[in-house]
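Chains as they are written, first to last, in my numbering: chain A, 1 to 384; chain B, 385 to 768.
Where is the CB? At the ideal position from N, CA and C, for every residue including glycine.
Predicted model, so just to flag it, every value in this text is computed and none were measured.
Reading through the structure tokens given below for one structure.
2 protein chains.
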Amino acid sequence: MFNFSYQNSTRILFGQDQIKQLAELITPEQKVLLLYGGGSIKTNSVYQQVTAALQAAEVIEFSGVEPNPNFETLMRATDIARREKIDIILAVGGGSVIDGAKFVAAAALFEGDAWDILAKGANVQQALPIGCVLTLPATGSESNGNSVVTRYETKQKLAFSSPWVYPQFAILDPTVTYSLPPKQVANGVVDAFVHVMEQYLTYPVNAPVQDRFAEGLLLTLIAEGPKALSDPQNYAVRANVMWAATMALNGLIGQGVPQDWATHMIGHEITALFGLDHAQTLAIVLPALMQQQRSQKREKLLQYATRVWQLQHQDEERLIDEAISHTRYFFERMGIPTRLADYGIQAEAIEQLVSKLVQHNMLALGEHQDITPEVSRRILQLAL
Amino acid sequence: MFNFSYQNSTRILFGQDQIKQLAELITPEQKVLLLYGGGSIKTNSVYQQVTAALQAAEVIEFSGVEPNPNFETLMRATDIARREKIDIILAVGGGSVIDGAKFVAAAALFEGDAWDILAKGANVQQALPIGCVLTLPATGSESNGNSVVTRYETKQKLAFSSPWVYPQFAILDPTVTYSLPPKQVANGVVDAFVHVMEQYLTYPVNAPVQDRFAEGLLLTLIAEGPKALSDPQNYAVRANVMWAATMALNGLIGQGVPQDWATHMIGHEITALFGLDHAQTLAIVLPALMQQQRSQKREKLLQYATRVWQLQHQDEERLIDEAISHTRYFFERMGIPTRLADYGIQAEAIEQLVSKLVQHNMLALGEHQDITPEVSRRILQLAL
Chain A
1 MFNFSYQNST
11 RILFGQDQIK
21 QLAELITPEQ
31 KVLLLYGGGS
41 IKTNSVYQQV
51 TAALQAAEVI
61 EFSGVEPNPN
71 FETLMRATDI
81 ARREKIDIIL
91 AVGGGSVIDG
101 AKFVAAAALF
111 EGDAWDILAK
121 GANVQQALPI
131 GCVLTLPATG
141 SESNGNSVVT
151 RYETKQKLAF
161 SSPWVYPQFA
171 ILDPTVTYSL
181 PPKQVANGVV
191 DAFVHVMEQY
201 LTYPVNAPVQ
211 DRFAEGLLLT
221 LIAEGPKALS
231 DPQNYAVRAN
241 VMWAATMALN
251 GLIGQGVPQD
261 WATHMIGHEI
271 TALFGLDHAQ
281 TLAIVLPALM
291 QQQRSQKREK
301 LLQYATRVWQ
311 LQHQDEERLI
321 DEAISHTRYF
331 FERMGIPTRL
341 ADYGIQAEAI
351 EQLVSKLVQH
361 NMLALGEHQD
371 ITPEVSRRIL
381 QLAL
Chain B
385 MFNFSYQNST
395 RILFGQDQIK
405 QLAELITPEQ
415 KVLLLYGGGS
425 IKTNSVYQQV
435 TAALQAAEVI
445 EFSGVEPNPN
455 FETLMRATDI
465 ARREKIDIIL
475 AVGGGSVIDG
485 AKFVAAAALF
495 EGDAWDILAK
505 GANVQQALPI
515 GCVLTLPATG
525 SESNGNSVVT
535 RYETKQKLAF
545 SSPWVYPQFA
555 ILDPTVTYSL
565 PPKQVANGVV
575 DAFVHVMEQY
585 LTYPVNAPVQ
595 DRFAEGLLLT
605 LIAEGPKALS
615 DPQNYAVRAN
625 VMWAATMALN
635 GLIGQGVPQD
645 WATHMIGHEI
655 TALFGLDHAQ
665 TLAIVLPALM
675 QQQRSQKREK
685 LLQYATRVWQ
695 LQHQDEERLI
705 DEAISHTRYF
715 FERMGIPTRL
725 ADYGIQAEAI
735 EQLVSKLVQH
745 NMLALGEHQD
755 ITPEVSRRIL
765 QLAL
């Protein structure tokens with residue numbers, strides 16, 4: 001196990017009817033910027049529950065945060081936060097709204113050009129407090145310090161991290177996910193699954209607590225994910241998916257172990273060029289990457305095959321082949337195709353994707369930094 | 385899964401050479417009360433590392449905190465904390481020293497008689513900041529808000545909990561555990577194991593993340609515990625035991641699930657009357673309690689048998705019998721006998737123990753509150 005330093009101070013309020021707790025979490029003296037996306041929270045009663053709980057507080061609303069939150073939109077919210085002397089930002093939505101809230105919270109108190117937080121990695125020294133009501137289990141943003149923002153004008157998708165932007169609290173009510181479209185449920189499950197894999201499927205460093213926890217999350221997502229699609233009003237299933245997705249990227253399972261993240265980096269280019277959903281790109285890239293990196297990841301692939309998929313064979317190559325197949329079939333069972341061709345992307349696109357990776361300096365990805373652009377090309381070829 | 389609210393803000397600094405970080409964690413302006421127990425930290429270099437890192441700060445030492453910290457001793461430390469206007473308490477030791485630091489931190493800022501914190505459950509509204517350097521993995525106190533204090537004068541062993549006494553930081557350097565006596569290593573492993581069992585071996589509430597995490601900790605302790613005894617200088621083994629013991633009682637695995645804790649309550653009476661180590665009492669009570677409560681715990685016992693001990697039989701009663709035997713043998717393999725008779729305690733003692741439980745109002749223990757004094761008597765008879 002490597003050395004690590006870990007802190008996660010977000011209070012999780014989990015379960016049915018927890019949105020009511022907002023009345024205690026936010027005091028009447030606090031001026032609230034209520035940030036949300038489209039109008040879905042108005043049709044599933046979440047908006048009504050939130051505003052009812054906040055009736056004693058002064059609330060300014062800002063809607064229209066996009067699925068990939070746009071820098072320009074967030075700067076308008078930042079102007080309001082500054083002008084109105086907002087005390088706390090309440091994000092109601094999925095990862096994009098929460099990521100957006102994090103940027104606004106940091107930008108509102110940033111001296112200088114807030115674009116530098118994203119473009120130059122300028123050090124965030126303070127931020128407005130953030131709370132959130134999660135409506136889509138997927139990204140883990142409700143309980144970490146990470147944020148991804150896109151500048152639509154220049155097509156730049158950039159990230160920042162800061163301990164200052166951990167939400168102070170996150171309300172996770174599984175019932176608010178009942179009305180999600182199946183595609184979003186599937187995307188969320190696959191996103192969480194790949195978050196775990198990026199922190200697990202590397203090489204062994206004798207860290208059994210982290211390994212067992214990661215395997216526990218994978219087993220949970222495999223068992224519960226399909227049920228979330230077939231039985232959408234099942235509280236226990238929704239609760240288990242929601243809690244697994246939070247635990248998948250709240251930092252815990254990645255402490256003291258190597259991490260990969262090449263699947264995410266290659267996937268980002270597919271989204272940027274062809275507009276696929278983030279989770280679709282992960283479902284395409286991960287099985288191909290497992291195949292390409294099968295010797296580097298051999299020990300963990302065998303562990304994954306036996307512990308997660310309960311596979312048993314004498315032939316280790318067959319074990320690895322089947323572990324990869326099972327991963328692919330799981331994504332497809334969730335309704336997410338796993339081949340570039342399934343989305344109409346042909347071999348000609350690969351050079352374009354590789355040159356974008358080079359342009360973005362993605363020259364040495366993965367836990368061994370051995371995924372060069374040439375290796376990324378081979379991964380994409382395996383993903384056709 | 386039940387609703388829950390969870391927050392754990394302790395920063396964990398894990399690994400070799402992390403004690404040096406004290407120089408950053410404590411600023412030169414802070415006045416430190418350095419709390420420790422006997423002199424063992426002076427013989428294993430921990431004291432030297434701590435004082436070297438703190439050379440810029442003003443440090444007042446208070447040693448002599450007992451293995452079961454004594455209220456009178458802690459009140460002397462509290463007087464010093466008040467008189468010297470201490471800014472932060474640094475606990476260097478195991479669970480007892482950290483528990484003691486929590487009481488001192490709360491008592492120093494408590495208005496009124498600090499005994500009320502323990503005896504009357506008086507609400508702790510503030511506390512001095514606490515940091516700790518853990519030397520004995522066992523209790524989880526380094527990353528939770530719980531404290532147990534004993535008043536030697538009256539033989540009262542009382543607990544309090546408060547969000548104010550979570551350590552701000554906890555330094556976990558596995559190398560400082562190399563020099564622990566084998567008995568303390570064994571006690572720590574068994575203590576952590578039973579902490580997990582108290583939160584796991586109840587009844588199913590469809591909470592697979594919590595179950596898988598608990599099983600992961602049990603599997604880790606079963607695999608690594610004996611190695612910590614046979615190969616005491618093995619860094620990876622020490623690290624895995626240390627991280628498992630922290631995760632066992634930092635609150636995470638118990639969120640949203642029923643909890644038992646009857647083994648602890650019955651065990652406390654054995655310690656109080658006969659002076660056995662806490663972990664010895666747990667090793668005695670747990671197998672007997674599993675046997676006595678086998679029908680109430682049936683589903684979880686079967687899950688434990690198959691997932692933790694990898695047992696396979698058609699006969700479910702045999703599965704449960706073997707799961708209990710394996711648990712007992714694990715404790716004995718750690719060098720901790722599991723029968724009252726092994727400690728010279730005979731059947732006559734049982735009435736005495738049961739009457740103490742009655743005297744302490746332990747009338748309805750366990751996840752179903754069905755462990756009456758009569759059931760406790762049967763458990764103790766099975767433990768002879």
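Which residues in the same chain as residue i place their Cβ atom closer than 8 Å to its Cβ, once the five residues preceding and following it in sequence are excluded?
{"i": "Leu585 of chain B", "result": "Asp644, Met674, Lys681, Lys684, Leu685, Tyr688"}
{"i": "Ile425 of chain B", "result": "Tyr431, Val434, Val476, Gly477, Thr519"}
{"i": "Tyr727 of chain B", "result": "Phe658, Leu660, Gln664, Ile668, Pro721"}
Compare the C-alpha of residue i against each of the options and name the closest.
{"i": "Thr327 of chain A", "options": "A:Ala341, A:Asp342, A:Glu316, A:Leu311", "result": "A:Leu311"}
{"i": "Thr394 of chain B", "options": "B:Phe577, B:Gly515, B:Met718", "result": "B:Gly515"}
{"i": "Ser546 of chain B", "options": "B:Val574, B:Ala656, B:Val488", "result": "B:Val488"}
{"i": "Glu58 of chain A", "options": "A:Pro28, A:Leu172, A:Leu357", "result": "A:Pro28"}
{"i": "Trp353 of chain A", "options": "A:Leu136, A:Gln7, A:Ile379, A:Ile89", "result": "The amino acid occupying residue 353 of chain A in the given sequence is Leu; Trp does not appear at that position. When only C-alpha atoms are compared, the closest one is A:Ile379."}
{"i": "Ile472 of chain B", "options": "B:Gln698, B:Gln743, B:Leu406", "result": "B:Leu406"}
{"i": "Glu706 of chain B", "options": "B:Arg678, B:Thr538, B:Gly719, B:Ser389", "result": "B:Arg678"}
{"i": "Ile12 of chain A", "options": "A:Ala170, A:Asp99, A:Asp342", "result": "A:Ala170"}
{"i": "Ala485 of chain B", "options": "B:Asn507, B:Asn530, B:Thr690, B:Asp500", "result": "B:Asn530"}
{"i": "Leu180 of chain A", "options": "A:Ile320, A:Thr263, A:Arg333, A:Pro137", "result": "A:Pro137"}
{"i": "Ile654 of chain B", "options": "B:Thr690, B:Ser709, B:Ala731", "result": "B:Ala731"}
{"i": "Gln359 of chain A", "options": "A:Phe160, A:Thr372, A:Gly366", "result": "A:Thr372"}
{"i": "Lys31 of chain A", "options": "A:Phe330, A:Leu218, A:Thr175, A:Leu90", "result": "A:Leu90"}
{"i": "Ala245 of chain A", "options": "A:Thr220, A:Pro69, A:Gln210, A:Gln233", "result": "A:Thr220"}
{"i": "Glu716 of chain B", "options": "B:Gln765, B:Ala632, B:Ile606, B:Asp615", "result": "B:Ile606"}
{"i": "Asn3 of chain A", "options": "B:Gly399, B:Asn392, B:Val578", "result": "B:Gly399"}
Give every residue of the same chain whose Cβ lies closer than 6 Å to the Cβ of residue i, excluding the five residues on either side of it in the sequence, and list them in chain order.
{"i": "Glu445 of chain B", "result": "Leu418"}
{"i": "Gln439 of chain B", "result": "none"}
{"i": "Glu224 of chain A", "result": "Val237, Asn240, Val241"}
{"i": "Ile650 of chain B", "result": "Val669, Ser760"}
{"i": "Ile320 of chain A", "result": "Arg294, Leu301"}
Please return the same chain residues whose Cβ sits closer than 7 Å to the Cβ of residue i, not counting the five positions on each side in sequence.
{"i": "Tyr420 of chain B", "result": "Ser447, Val449, Val476, Gly477, Val481"}
{"i": "Ala383 of chain A", "result": "Ile284, Val285, Ala288, Arg339, Leu340"}
{"i": "Leu493 of chain B", "result": "Gln510, Ala511, Leu512"}
{"i": "Arg761 of chain B", "result": "Ile734, Val738"}
{"i": "Ala106 of chain A", "result": "Ile117, Val124, Ala127, Ser162, Trp164, Val165"}
Could you spell out where the beta strand (DSSP E) holding residue i opens and where it closes?
{"i": "Arg535 of chain B", "result": "530 to 535"}
{"i": "Glu61 of chain A", "result": "58 to 62"}
{"i": "Tyr420 of chain B", "result": "415 to 420"}
{"i": "Leu474 of chain B", "result": "472 to 477"}
{"i": "Ala498 of chain B", "result": "Neither: Ala498 of chain B is in no beta strand (DSSP E) and is coded neither H nor E."}
{"i": "Phe14 of chain A", "result": "4 to 14"}
{"i": "Leu438 of chain B", "result": "Unbroken run through Leu438 of chain B: none, as it is neither H nor E."}
Helix, strand or coil: which one does DSSP assign to residue i?
{"i": "Lys155 of chain A", "result": "coil"}
{"i": "Gly251 of chain A", "result": "coil"}
{"i": "Val133 of chain A", "result": "strand"}
{"i": "Leu409 of chain B", "result": "helix"}
{"i": "Ile19 of chain A", "result": "helix"}
{"i": "Leu556 of chain B", "result": "strand"}
{"i": "Ile324 of chain A", "result": "helix"}
{"i": "Ile606 of chain B", "result": "helix"}
{"i": "Ser96 of chain A", "result": "helix"}
Tell me which residue opens and which closes the alpha helix (DSSP H) that residue i is part of.
{"i": "Phe71 of chain A", "result": "71 to 83"}
{"i": "Tyr619 of chain B", "result": "619 to 632"}
{"i": "Tyr203 of chain A", "result": "That residue, Tyr203 of chain A, is in no alpha helix (DSSP H); it is neither H nor E in DSSP."}
{"i": "Ile650 of chain B", "result": "646 to 658"}
{"i": "Arg339 of chain A", "result": "Unbroken run through Arg339 of chain A: none, as it is neither H nor E."}
Is residue i close to chain E, meaning its C-beta is less than 8 Å from at least one C-beta of that chain?
{"i": "Tyr688 of chain B", "result": "Going by chain labels, chain E is absent from the structure shown, which instead holds the protein chains A and B."}
Original post:
Going along the segment 212 to 245 of chain A in order, which residues come within less than 8 Å of chain B, judged by CB to CB distance?
Top reply: Arg212, Phe213, Glu215, Gly216, Leu217, Leu219, Thr220, Ala223, Glu224, Ala236, Ala239, Asn240, Trp243, Ala244
Subject >> Contact set between the segment 393 to 423 of chain B and chain A, restricted to residues whose Cβ is under 9 Å from the partner >> reply: Ser393, Thr394, Arg395, Ile396, Leu397, Phe398, Gly399, Gln400, Asp401, Gln402, Gln405
Subject >> Contact list for the segment 175 to 208 of chain A against chain B, Cβ threshold 9 Å >> reply: Val205, Asn206, Ala207, Pro208
**OP:** Determine which residues of the segment 252 to 275 of chain A have a Cβ less than 9 Å from any Cβ of chain B, and write them out in chain order.
**Re:** Leu252, Gln255, Gly256
**OP:** Please list the residues of the segment 113 to 131 of chain A that have a C-beta atom closer than 8 Å to any C-beta atom in chain B, keeping them in chain order.
**Re:** none
**OP:** Select from the segment 718 to 740 of chain B all residues with a C-beta closer than 7 Å to any C-beta belonging to chain A, and list them in chain order.
**Re:** Answer set for the segment 718 to 740 of chain B: empty.
Original post:
Listed from N- to C-terminal order along the chain, which residues in the segment 692 to 713 of chain B have their beta-carbon within a distance smaller than 8 Å of any beta-carbon of chain A?
Top reply: Of all residues in the segment 692 to 713 of chain B, none has a C-beta nearer than 8 Å to a C-beta of chain A.
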